[in-house]
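Working notes, beginning with the structure itself.
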Amino acid sequence: MDDRSSLEPVYFSMPETHWPDVSIESYRALARISLAIQMAIGELEKCFPEAVESTRTEASAATPANAPAPAELAFQLHEVAGEILSRVAGDEQDLRQIIGTLRTALAVCWDLYSVRESESVTVSEHMRNLKGRIEDFERELRALRLSHEK
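Mapping the sequence shown onto the numbering used here, position 86 (from 1) lands on 86, and the numbers just tick up by one.
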């Protein structure tokens with residue numbers, strides 16, 4: 001089996017992406033979210049009028065000369081969405097994450113083992129199987145990334 005440390009960097013990195021690869025539906029969705037963001041910014045400016053000018057200056061200084069790549073923009077949107085959710089529903093967010101993770105784990109267990117098999121598989125065997133599957137998918141991800149680079 002490959003050393004796991006060679007697989008993880010692929011999982012934790014973003015693919016190289018280009019705007020021509022994005023569909024017109026994505027353009028429409030971004031246009032809608034752009035308008036919603038502008039409206040939200042207007043509401044926040046009413047809430048924090050003293051911070052408007054300094055925030056605009058900071059944003060202008062931090063803005064790159066070119067548009068971010070699609071994957072980078074998606075990651076930024078994901079981060080902002082997570083921050084907003086933690087502010088407005090932080091007490092629920094951890095529970096929702098746990099529930100989602102446990103539901104995924106349950107689905108994986110059902111996919112891996114029948115009820116009869118699950119009665120005979122030990123926890124350590126199950127963990128080894130899951131680790132192997134994760135590593136298999138990470139290898140596939142690395143191969144997919146390499147095929148896109150060619």
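Note that beta-carbon positions come from the ideal geometry of N, C-alpha and C, so glycine has one too.
For residue j and residue i, the rounded distance between their alpha carbons
i, j, result
"E177", "L73", "What the structure shows of the chain is the stretch from 1 to 150, and residue 177 is not part of that stretch, so it cannot be assessed."
"L44", "E117", "55 angstroms"
"K150", "D136", "22 angstroms"
"V52", "D111", "51 angstroms"
"I99", "Q93", "10 angstroms"
"A65", "S13", "22 angstroms"
"H126", "A59", "48 angstroms"
"A31", "I134", "36 angstroms"
"R96", "P9", "27 angstroms"
"C34", "A62", "Before going further, note that residue 34 is Ser rather than Cys in the sequence given. Roughly 19 angstroms separates the two Cα atoms."
"G90", "E83", "9 angstroms"
"I24", "T101", "32 angstroms"
"E119", "E138", "29 angstroms"
"R87", "R28", "28 angstroms"
"K46", "Q38", "13 angstroms"
"S77", "S26", "Before going further, note that residue 77 is Leu rather than Ser in the sequence given. So the alpha carbons of these two residues sit roughly 14 angstroms apart."
"V115", "R103", "17 angstroms"
"L146", "A36", "37 angstroms"
"A81", "R128", "34 angstroms"
Sequence-distant residues of its chain with Cβ nearer than 6 angstroms to residue i (five each side left out)
i, result
"D2", "With a pLDDT of only 49 at D2, under the threshold of 50, the placement of this residue in the model should not be trusted; the figure read from the coordinates follows. Nothing listed; no residue qualifies."
"V22", "P70"
"H148", "none"
Cβ-based neighbour list, residue i, same chain, cut-off 7 angstroms, excluding 5 preceding and 5 following
i, result
"L106", "none"
"I41", "none"
CB contact flag (residue i, residue j, <9 angstroms)
i, j, result
"Y11", "L144", "no"
"F48", "T57", "no"
"L85", "V108", "no"
"V121", "Y113", "yes"
Contact set for residue i: own chain, Cβ-Cβ below 8 angstroms, skip 5 residues either direction
i, result
"F75", "M14"
#### Entry: Stretch pair the region 58-73 + the region 12-23: three plus CB contacts closer than 8 angstroms
yes
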